[in-house]
Amino acid sequence: MAEALAPRRVTRRTFLGWWLASLLTATVITGLAPILVYFWPAPPKGQKKGPINIALQTPIDQLQDGNAVKFDAPRSPNSAFIMADGGGDNAPGELAFGGYVVNNQGKVNVFAINCSHLGCSVALNEAAKTFDCPCHGSRFRLDGTVLHGPAEFPLSHLTWKQGPNPSAIEVDGIVLGF
Amino acid sequence: MSKPEILKPGPGATVAAPKEVQIIELDGHGGGHTLEPEWKRLPIGPDHILYPVVVGLALFPILMGDAGHHLADDMPDEDTHPFFPDHFWPYPIIALVMLIAVGLLAAFVQKNLQLEPSADPRAVTIPRPDWYFLFLFQFLKLGPELVMSQVIPGIVVGALVLFPFIDAIAGPRLARRLGWERWPVPGRNIITGTVFVLGLLYVAFLEFWALAGPQFCLPYLTGPICGA
Amino acid sequence: MAIPHPREIQMAVVDWLDERYPFTKAVDEALYQRVPNFANAFYYCFGGMVFILIAFQLLTGVLLALYYVPDAAGNPAPAYTSVQFIQNSVYLGWLIRGVHFWSANLLIIMVLLHMARVYWTGSYRAPRELNWIVGVLMLLLVLVLSLTGYLLPWDTKAYFATEVTIKIAGLTPPQQVGMFLKELLQGGPVVGPPTLQRFFTLHVFVLPALIVLLMYVHFRFIRAHGISEPL
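Residue numbers (this note's numbering), protein chains in the order written: chain A, 5 to 182; chain B, 1087 to 1314; chain C, 8 to 238.
Encoded structure:
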């Protein structure tokens, strides 16, 4: 025990021990790094971003105030929309598989379908003129803001453009490639 | 150190049971568990017709290493029994009964095994986990997501992992503070017992709340919260 | 030439084996391990039942893997149709899948009962703390196995339940770490075919290997410590 109490001095032996240990650690890390990179998913072939043409069931000019029309991402090719903003579970760049075009007092908005709480699909409540989430009971006003928790953030917008006719829109999205 | 003489040699011991049983100690674990030197005491010896059947049991000590010094080694023989066959025989029966039970469940409760339509992210459904996660799913509705989904379950699992140390270190201290003679054993410990029972009751409550369905709502701090 | 008695042949084989490894000693040790009589109470068998159920799981899991296709591309996905095929077309497929499913459910109950017994008899106390920790880790592994196995049929409820699970993993602060975990589990921007492959790999290769390893550790500890003394 006397050795343990003596002041520690770096001897050649301990120095070499540490030196070898660090060399070994560095070697192991260098060896493992490619495996970690391997875990990182590469995008599948054929995945590409771009506007997606959507045909709406109700043309925008016929959409009455306080009404909304739901649309889905195309199945073939399998595509999804890219959120423009969002908080909570949603975030800019996250994907959505559906959305709503809403006429809120003459202003047209396009929202992703996912609730900002945990991403369930919200449904239009026509009577109350709100979007209700069936999962945890969050409610949103037609402008996307939160009416009732547990969601804390508004619905996410989708970036969109009017298409060649009133029932066609172009929404920013991604062809998934699978 | 002496051992009582073997009274009843098994059927396999008929070959040549020595009068005096020499006792050897297994090396490797500072004296404790003692074994008879040969297989002479076995109910089924190497010359027994069933010996090849019990050879599988040899995997047990071969894989599991030496037995340490056990409680049973210090107990009188009438308070203990041999592992084979006295302790072993129920298990094949239990295995068979359980196999029949799950087989019958598979045959008659097919509902749980029926598939819903193939996954489609565009489908609008309420995700509902299996029963063993249902209480967590309900718990998630009661507060901020991060706290309810990661912080509190993390603390609970951490406490569960460290429970032997909590019981051994924090328990006696608490007992001293309360003026108790000692920290009671689990079966008679009112504090840990209450914590466990209340915890399980809370889990059961959440589970039944979720099972009651989306129409069943209870008031909560942030407004009514419904089942799943 | 006299025909040897079967017993002599058996003894010759045993002797030959015994010269290579002391098998008779090992058999003797296994057979003659003494067990306290109080360990005959019914609640001491839950651990053994867990072991038996895990054995069922490994066996039926291998059988299911003969037909299961971990491919989620398209709708209906091959994963989904292969589970349908096992359930409806393979001879006794419904039985194998049913045993796998119901054993998994029973397994969780039995693990909890076993844990309750260990608590009640104080078997987690010194010197057995490490074995309790190994046991809790195995409980978590069983839960993760259930979680990953739930996705494999690739039906709607599996998909959305997994989406919620991955979202919860993605909540880990700070946000970058959460996003990293989420993408790592998903294998891409959304729950899709890469996710199924990752969950399949975990469910079939990684987690069973881990749980078998931990079971080995668990049993070695039990063998070293023996049955705990009564309180």
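The beta-carbon is built from N, C-alpha and C at its ideal position, and this holds for glycine as well.
Continuous beta strand (DSSP E) stretch holding T29 of chain A: start and end: Counting along the chain, T29 of chain A falls outside any beta strand (DSSP E), though it belongs to the alpha helix (DSSP H) covering 16-43.
State the CB to CB distance for the pair H140 of chain A and K1227 of chain B, rounded to an integer number of angstroms; the pair is presumed to be in contact (CB under 8 Å). 5 Å
What do you get for I61 of chain C, buried or exposed, if any count of 16 or more other CB atoms within 10 angstroms of its CB means buried? buried
Is the CB of G1257 of chain B under 8 Å away from at least one CB in chain A? no
Does the distance from the C-beta atom of V105 of chain A to that of I173 of chain A stay below 8 Å? yes
What does V171 of chain C touch in chain A if you count any residue whose Cβ is under 7 Å from its own? L122
Alpha carbon to alpha carbon, how far is N94 of chain A from L137 of chain C? Give it in angstroms, no decimals. 41 Å
Element boundaries [alpha helix (DSSP H), containing P85 of chain C]: 85-95
Expressed to the nearest angstrom, what Euclidean distance is found between the alpha-carbon atoms of L193 of chain A and K52 of chain A? Because chain A here runs from 5 to 182, residue 193 of chain A falls outside it and cannot be looked at.
Near-chain C residues of the region 52-80 of chain A (beta-carbon distance less than 8 Å), N- to C-terminal order: R79
Out of curiosity, what's the CA-to-CA distance linking W1125 of chain B and P85 of chain C? The predicted model places W1125 of chain B with a pLDDT of 45, which falls under 50 and marks its position as unreliable; any figure quoted below should be read in that light. Cα to Cα, the separation comes out at about 56 Å.
Buried or exposed: K4 of chain C, going by 16 or more other Cβ atoms within 10 Å of its Cβ? This structure gives no information on residue 4 of chain C, because the portion of chain C shown stretches from 8 to 238.
Write down the C-beta distance between P196 of chain C and L162 of chain A rounded to the nearest angstrom, noting that I regard them as a contact closer than 8 Å. Not a contact, Cβ separation roughly 15 Å.
Take I173 of chain C and list the residues in its own chain whose beta-carbon comes closer than 7 Å to its own, dropping the five residues that flank it on each side. K189, L192, Q193, V198
Give me the chain C residues within the contact set of L99 of chain A, using Cβ-Cβ distance strictly less than 8 Å, ordered along the chain. P196, V197
Return the Cβ separation of I178 of chain A and A59 of chain A in integer angstroms, given the expectation that the two are a contact with Cβ distance under 8 Å. Incorrect: roughly 19 Å between the Cβ atoms, too far for contact.
Can you name, in chain order, every residue of its own chain whose Cβ lies under 7 Å from the Cβ of F45 of chain C, other than the five neighbours on each side? P237
So, helix, strand or coil for V224 of chain C, using DSSP? helix
Out of curiosity, what's the CA-to-CA distance linking A123 of chain C and W109 of chain C? 21 Å
Looking only at its chain, what residues have a beta carbon closer than 7 Å to the beta carbon of G167 of chain A, apart from the 5 residues adjacent to it on each side? N57, I173, E174
Would you call the CB atoms of T179 of chain C and Q1200 of chain B closer than 8 Å? no
What residues match up with I173 of chain A in a beta bridge as DSSP calls it? A:I58, A:Q166
Determine the chain B residues that contact F226 of chain C at a beta-carbon separation under 9 Å, and present them in chain order. F1146, L1149, M1150
With three or more C-beta pairs closer than 8 Å as the rule, is the region 129-148 of chain A touching the region 29-49 of chain A? no
What do you get for M1184 of chain B, buried or exposed, if any count of 16 or more other CB atoms within 10 angstroms of its CB means buried? buried
A132 of chain A (DSSP reduced to helix, strand or coil): coil
Kindly list, in the order they appear in chain B, the residues whose Cβ is closer than 9 Å to that of S160 of chain A. The premise fails here: S160 of chain A is roughly 16 Å from chain B at the closest Cβ pair, so nothing lies under 9 Å.
To the nearest angstrom, how far is the alpha carbon of A127 of chain A from that of M117 of chain C? 41 Å
Taking Cβ to Cβ, would you say L214 of chain C is nearer than 8 Å to L152 of chain C? yes
If you measure between the beta carbons of M145 of chain C and I1180 of chain B, is that distance less than 8 Å? no
Beta-carbon proximity check, A165 of chain C vs P1147 of chain B, cutoff 8 Å: no
Contact defined as beta carbons within less than 8 Å: I believe T67 of chain C pairs with I115 of chain C. What is the distance between those atoms, to the nearest angstrom? Contact doesn't hold; Cβ gap of about 16 Å is too wide.
Limits of the beta strand (DSSP E) - the one that P1168 of chain B falls within: 1166-1168
Return no unless some Cβ of chain C is closer than 8 Å to the Cβ of F2 of chain A. Because chain A is modelled from 5 through 182, residue 2 of chain A falls outside the range shown and cannot be assessed.
With a threshold of 7 Å on Cβ separation, who are the neighbours of K133 of chain A within its own chain once the five nearest residues in sequence on each side are excluded? G70, L146
Cα-Cα, which of C:Q17, C:V141, C:T208 is closest to V1139 of chain B? C:Q17
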